[in-house]
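Numbering (my numbering), first residue to last: 160 to 464.
We put the beta carbon where it would ideally sit given N, CA and C, even for glycine.
Remember, predicted model here, so these are calculated numbers, not experimental data.
Inspection log for the structure reproduced underneath, given as structure tokens.
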């Protein structure tokens, strides 16, 4: 088991500048991680402990929203670490699992954690598995135990590292656990109704960029994917998560899911303002994208799937 550092001191900028994965290349050179930590508002010590993993994960989730608004204007996600860093840190945007999750994994490996990026398959509201394994999560070892870390999911998922042991873990007014089902580790969620429902299941094989680059092409070109014509934004808040999903505003808070219909741009602006709190530079873009996406869906009779 990894022991905790006896001295809790603030990391120096020189130490942070050298946080990087063992395989450093020209495109994955050391990044100014002190800027990342400022972005997420974390000031704790650098140490590969479960406590530190929890602190960094929760800080990231509260500070960085899920969003890809620029994709609706034709932008193509760049999966390189330097591009993800520029987007999330320097430009103060949000991101999806394709950007934020690998970025966090890179940071954690530099701190001293063993972290691998793996694929996950989402459970659909209709009661079946989504056809693609197009979500990315991290499996991180801390103090001799494996933890699931997810900082890039649209809907409500664990808001702090989740043990893989199967023990139910409280998370705000919710509980999460990992169980084995049909040969896969499956994340389950329970609220005030005490009913356990799947969130997603995940694989074991570690991934590199070439293994998941196909996800970008699929979601930009396939009629199956809603991502290119629907505004999807979310952010973790105390007690759960706020999600704008097209014309629906979902509040997954304190063990309950509540949905409000966004009837017009004024409703959308209010909801998006809550989700994008702390990111006023994104609000006008989000409202414009929402209006454009709604018009497109109505013209083409598209529905969110």
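Have a look at residue i and residue j and give me their C-alpha separation to the nearest angstrom.
i: residue 345; j: residue 236; result: 28 Å
i: residue 337; j: residue 437; result: 32 Å
i: residue 368; j: residue 279; result: 15 Å
i: residue 453; j: residue 283; result: 22 Å
i: residue 197; j: residue 414; result: 31 Å
i: residue 322; j: residue 203; result: 22 Å
i: residue 277; j: residue 418; result: 31 Å
i: residue 424; j: residue 405; result: 12 Å
i: residue 305; j: residue 297; result: 10 Å
i: residue 187; j: residue 451; result: Residue placement at residue 187 cannot be trusted, given a pLDDT of 36 that sits under 50; the coordinates are not used to answer.
i: residue 189; j: residue 263; result: 14 Å
i: residue 287; j: residue 439; result: 37 Å
i: residue 457; j: residue 434; result: 24 Å
i: residue 183; j: residue 420; result: With a pLDDT of 37 at residue 183, under the threshold of 50, the predicted position of this residue should be treated as unreliable, and no value is reported.
i: residue 351; j: residue 315; result: 15 Å
i: residue 252; j: residue 310; result: 14 Å
i: residue 217; j: residue 210; result: 11 Å
i: residue 257; j: residue 353; result: 32 Å
i: residue 442; j: residue 370; result: 33 Å
i: residue 243; j: residue 234; result: 13 Å
i: residue 380; j: residue 422; result: 28 Å
i: residue 325; j: residue 340; result: 12 Å
i: residue 382; j: residue 238; result: 22 Å
i: residue 407; j: residue 285; result: 16 Å
Quick one: what's got a C-beta closer than 6 Å to residue i's C-beta in the same chain, skipping five residues either side?
i: residue 313; result: 225, 391 and 393
i: residue 318; result: 220, 330 and 395
i: residue 275; result: 298 and 365
i: residue 195; result: 248
i: residue 409; result: 402 and 418
i: residue 181; result: Confidence is the limiting factor: at residue 181 the pLDDT is only 36, short of 50, which leaves the residue's position unreliable, though a coordinate-based value still follows. Excluding residues within five positions, none has a Cβ falling inside 6 Å.
i: residue 455; result: 388
i: residue 343; result: 360
i: residue 320; result: 212, 213, 216, 306 and 308
i: residue 411; result: 315, 399 and 400
In the DSSP assignment, the alpha helix (DSSP H) including residue i goes from what residue to what residue?
i: residue 430; result: 424-434
i: residue 243; result: 240-244
i: residue 217; result: 209-222
Determine the extent of the beta strand (DSSP E) in which residue i is found, giving its start and end residues.
i: residue 305; result: 304-308
i: residue 194; result: Careful: residue 194 lies outside any beta strand (DSSP E), inside the alpha helix (DSSP H) at 192-199.
i: residue 299; result: 294-301
i: residue 329; result: 328-330
Going by beta carbon distance, what residues of the same chain come within less than 8 Å of residue i, once the five residues before and after it are set aside?
i: residue 327; result: 334, 335, 336 and 349
i: residue 446; result: 424, 427, 428 and 431
i: residue 272; result: 207, 212, 299, 300 and 301
i: residue 214; result: 201 and 203
i: residue 347; result: 335, 336, 337, 338, 355, 356, 357 and 358
i: residue 444; result: 228 and 229
i: residue 332; result: 350, 351, 398, 399, 412, 413, 414 and 415
i: residue 162; result: The pLDDT assigned to residue 162 is 32, lower than 50, so where the model puts this residue is not dependable, and the model offers no usable value.
Under 7 Å Cβ to Cβ from residue i, same chain only, skipping five residues before and after it: list those, please.
i: residue 281; result: 289, 294 and 359
i: residue 448; result: 228, 231 and 390
i: residue 384; result: 377 and 378
i: residue 246; result: 252, 254 and 258
i: residue 199; result: 218, 219, 222 and 223
Say whether the region 386-401 touches the region 215-235, bearing in mind that this needs 3 or more beta-carbon pairs closer than 8 Å, one atom from each stretch. As far as the Cβ criterion goes, the region 386-401 touches the region 215-235, which means the pair count is three or higher.
Can you confirm whether the region 365-377 touches the region 283-301 when touching is taken to mean that 3 or more C-beta pairs between the two stretches lie within less than 8 Å? yes
Three or more beta-carbon pairs under 8 Å between the region 355-370 and the region 265-272, yes or no? No contact exists between the region 355-370 and the region 265-272.
In chain order, which alpha helix (DSSP H) runs of at least 4 residues are fully inside the region 337-418? 368-371 and 373-380
Contained alpha helix (DSSP H) runs [length at least 4] in the region 259-289, N- to C-terminal order: Under the rule that a run must span 4 or more residues, the alpha helix (DSSP H) segments found entirely inside the region 259-289 read 259-270.
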